[in-house]
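Visitor:
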Amino acid sequence: MTMQRLLTLPARAVWHALFWTFERATWQYDLMVIAILAFVWLTPPDWLGDPTASGPGLIGIILERLR
Amino acid sequence: MTFTGAIGAACMFPLRAIIRACVALRIHPNVLTLVGVFINFIAAWFFAQGEFVTAGFVMLVANIFDFIDGKVAEATNLASRFGGFWDSVMDRFSDLSLFIGVIYLYAQLGRTDYVMIAAFAMMFSVMTSYTRARAESMIDKCKVGFMERPERIVLVMIGAFTNRMGAVLWVILVLSIVTVLDRIYYTWRALKAQEAAS
Numbered sequence: 266m267t268m269q270r271l272l273t274l275p276a277r278a279v280w281h282a283l284f285w286t287f288e289r290a291t292w293q294y295d296l297m298v299i300a301i302l303a304f305v306w307l308t309p310p311d312w313l314g315d316p317t318a319s320g321p322g323l324i325g326i327i328l329e330r331l332r
Numbered sequence: 117m118t119f120t121g122a123i124g125a126a127c128m129f130p131l132r133a134i135i136r137a138c139v140a141l142r143i144h145p146n147v148l149t150l151v152g153v154f155i156n157f158i159a160a161w162f163f164a165q166g167e168f169v170t171a172g173f174v175m176l177v178a179n180i181f182d183f184i185d186g187k188v189a190e191a192t193n194l195a196s197r198f199g200g201f202w203d204s205v206m207d208r209f210s211d212l213s214l215f216i217g218v219i220y221l222y223a224q225l226g227r228t229d230y231v232m233i234a235a236f237a238m239m240f241s242v243m244t245s246y247t248r249a250r251a252e253s254m255i256d257k258c259k260v261g262f263m264e265r266p267e268r269i270v271l272v273m274i275g276a277f278t279n280r281m282g283a284v285l286w287v288i289l290v291l292s293i294v295t296v297l298d299r300i301y302y303t304w305r306a307l308k309a310q311e312a313a314s
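Chains as they are written, first to last, in the numbering used here: chain A, 266 to 332; chain G, 117 to 314.
#1: What would DSSP say about G:Leu225, mapped onto helix, strand or coil?
#2: Name the two residues that bound the continuous alpha helix (DSSP H) containing G:Met128.
#3: Which value, in whole angstroms, describes the spacing of the CA atoms of G:Val231 and G:Met281?
#4: Alpha helix (DSSP H) containing G:Ser329: first to last residue?
#5: Around the Cβ of G:Lys308, are there at least 16 other Cβ atoms within 10 angstroms (buried) or fewer (exposed)?
#6: My assumption, with CB atoms under 8 Å, is that G:Pro145 sits in contact with G:Ala189. Please give the rounded CB distance.
#7: Mind listing which residues of the segment 252-268 of chain G have their C-beta closer than 7 Å to chain A's C-betas, in chain order?
#8: Rank G:Asp207, G:Ala164, G:Phe183, G:Ser292 by C-alpha distance to the C-alpha of G:Pro130 and give the top, closest one.
#9: Between G:Ala133 and G:Val270, what straight-line distance do the alpha-carbon atoms span, to the nearest angstrom?
#10: Counting only C-beta atoms, is G:Ala283 closer than 8 Å to chain A at any point?
#11: For A:Pro275, name the three-state secondary structure that DSSP assigns.
#12: I need the boundaries of the alpha helix (DSSP H) containing G:Leu194, first residue and last residue.
#13: For a cutoff of 8 Å on Cβ pairs, would you count G:Asn146 as touching chain A?
#14: By the 10 Å Cβ neighbour count, where 16 or more other Cβ atoms means buried, how is A:Leu328 classified, buried or exposed?
#15: Just to make sure I have the definition right: I need the residues of chain A whose C-beta is within less than 7 Å of the C-beta of G:Leu225. Which are they?
#16: Mapping the DSSP letters down to three states, classify A:Leu329 as helix, strand or coil.
#17: Kindly list, in the order they appear in chain G, the residues whose Cβ is closer than 8 Å to that of A:Trp280.
#18: Rounding to the nearest angstrom, what Cα-Cα distance links A:Pro275 and G:Val174 in this structure?
#19: Could you check what DSSP says for G:Glu252 in three-state terms: helix, strand or coil?
#20: Which residue comes first and which comes last in the alpha helix (DSSP H) that contains G:Gly275?
#21: Just to confirm before moving on: does the CB-CB distance between G:Val272 and G:Val290 stay below 8 Å?
#22: How about A:Ile301: is its C-beta nearer than 8 Å to some C-beta of chain G?
Listed below in structure tokens is the structure:
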């Protein structure tokens with residue numbers, strides 16, 4: 266039994282995300298793109314200290330509403 | 117069909133018309149590559165001025181040239197090994213110029229933290245290409261890792277159009293580091309397997 270099979274499913278998912286061997290236009294590629302776009306668009310620019318971005322971002326707006 | 121596949125297919129409609137026009141006009145693919153680089157220099161200048169949306173549009177035009185050169189070369193039977201080499205070299209000029217534009221802007225704003233983030237993103241973007249090129253001089257193929265040039269270009273355009281360049285640079289930096297490590301690991305494994313077989 267290989268080391269990879271011994272790993273649990275979440276660990277295997279992380280391994281495949283890091284050691285990327287998937288082609289473009291696969292469902293795994295779509296998932297990665299969604300995760301990246303979510304990070305780019307939802308993270309409040311203040312959290313990253315973005316020098317040029319304006320507006321709080323979606324998470325920032327939600328947090329402001331919750332306060 | 118996946119959603120990224122659908123976006124790719126939709127983008128191919130206008131691109132096919134541009135490719136047909138270039139073929140009809142007998143424009144040499146190496147000229148298209150060079151024009152793309154010069155347009156990318158203009159995009160870099162707009163980045164340096166902090167005009168992200170304009171830079172994004174200019175990048176869009178530049179990358180049309182970048183995308184169609186190979187297709188025009190095939191359609192006109194002008195595909196050559198030198199053309200492939202020329203394309204790769206010009207791609208590096210384009211990539212580096214865009215990063216230099218962003219670095220200049222952050223330096224002007226006095227943000228040394230983002231100067232460093234952009235500089236490291238630039239370094240690992242170059243290393244992403246270099247590790248594959250060097251690996252493929254020893255092994256058959258080294259196409260592993262997510263953050264390749266098309267992903268990088270699309271991400272920079274998304275950052276420019278939506279004014280989220282900081283987040284985009286972080287993504288490019290982290291995933292480029294991972295991609296370089298993937299390629300080093302993959303090449304090490306492939307070379308070990310070759311040695312074991314011989």
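Note that CB positions come from ideal geometry on N, CA and C, so glycine has one too.
Since we're looking at a predicted model, the values are computed, not measured.
Guide: Let me lay it out:
#1: coil
#2: 119-140
#3: 12 Å
#4: Outside the modelled stretch of chain G, which goes from 117 to 314, sits residue 329 of chain G, for which no answer is possible.
#5: exposed
#6: 4 Å
#7: Val260, Gly261, Phe262
#8: G:Phe183
#9: 21 Å
#10: yes
#11: helix
#12: Looking at the DSSP string, G:Leu194 is not in any alpha helix (DSSP H), and its letter there is neither H nor E.
#13: no
#14: exposed
#15: Pro316
#16: Reading off the sequence, residue 329 of chain A comes out as Glu, not Leu. The answer is helix: DSSP assigns A:Glu329 an H, G or I state.
#17: The contacting residues do not exist; A:Trp280 stays about 11 Å from chain G at best.
#18: 41 Å
#19: coil
#20: 265-278
#21: no
#22: yes
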